[in-house]
Amino acid sequence: MKKQLSILMVALLASAAVVAAELVVIVNPAATAPTKEQVADVYLGKSQSFVPLDLPEGSADRAEFYPKTTGRDLGQIKSLWSRIVFSGKGQAPAELPDAAAVKKAVAANPKAIGYIEKSALDGSVKSAFTLN
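The structure is reproduced here in C-alpha cells:
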C-alpha cells in the first residue's frame with residue numbers, strides 16, 4: 278500500500294511539473310488584435326506598431342513566451358536586443374515587475390502589447406491570441 282501511494286505521488290508530481298501556464302498575448306481593448314507573426318516582429322525589433330512590454334528576466338512565463346512566439350530562446354533574444362540597442366536602432370521591451378503591472382500598462386496605453394497567464398485575463402485588456 279505504501280509503495281503504491283509513493284508511486285502515485287511521484288506520478289502526480291511529475292505530471293504537475295510538465296503542465297505549463299497557458300499564456301495569452303494582450304492588447305488594449307481599443308487596439309486591433311495582432312497576428313502571431315506581427316507579435317513576433319514587435320518582439321524581434323522589426324516593427325514599431327506596438328510598444329512591447331516584458332516580464333522580468335528569469336520569469337518562467339518569459340522563458341515560455343519567446344520560443345513560442347519568435348522561435349528563439351532567451352539567449353538569442355538578449356543578444357538580438359543588445360545589437361539593436363548598441364546600433365541605436367531601437368530600445369528593448371520595457372521590463373515590468375509582474376503580470377499585474379503588464380496588464381495595467383496595456384490597459385492604460387492603446388499602443389502597448391504584453392503577455393500574461395490566461396488565468397489573469399480580465400476585462401481591462403483584450404486577448405489577441407493564446408500561445409500553444
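Position in the sequence shown (from 1) plus 277 gives the number in my numbering. Cβ atoms here follow ideal geometry from the backbone N, Cα and C, with glycine treated the same way.
Residues bridged to residue i (per DSSP)
i, result
"F406", "V302"
"G391", "I303"
Helix, strand or coil at residue i [DSSP, three-state]
i, result
"D375", "coil"
"E314", "helix"
"E334", "coil"
"Q353", "helix"
"T309", "coil"
"P370", "coil"
"S401", "coil"
Through-space distance from residue j to residue i, alpha-carbon basis
i, j, result
"R360", "G400", "37 Å"
"N305", "S364", "30 Å"
"S377", "A397", "According to the sequence displayed, residue 377 carries Ala and not Ser. Cα to Cα, the separation comes out at about 8 Å."
"V422", "E314", "The requested residue 422 does not occur in the structure, where the chain is confined to residues 278 to 409."
"V379", "I390", "8 Å"
"E299", "T407", "7 Å"
"G322", "K395", "25 Å"
"P344", "D350", "5 Å"
"P374", "A382", "11 Å"
"A310", "V319", "13 Å"
"R339", "P333", "7 Å"
"V302", "A405", "5 Å"
"E341", "Y392", "11 Å"
The beta strand (DSSP E) enclosing residue i, as first and last residue numbers
i, result
"D331", "V328 to D331"
Cβ shell of residue i (< 7 Å), same chain only, five flanking positions each side left out
i, result
"P387", "N305, A307 and A308"
"T346", "K313, V316, A317, Y320 and L408"
Beta-carbon contacts of residue i that lie in its chain and below 6 Å, excluding the five residues immediately before and after
i, result
"W358", "A369"
Residues near residue i in its chain [Cβ-Cβ closer than 8 Å; skip 5 each side]
i, result
"S292", "Interpretation of S292 is limited by its pLDDT of 44, a score under 50 that renders its predicted location unreliable; no figure is taken from the coordinates."
"V260", "Only positions 278 to 409 of the chain appear in the structure, and residue 260 is not among them; the question remains open."
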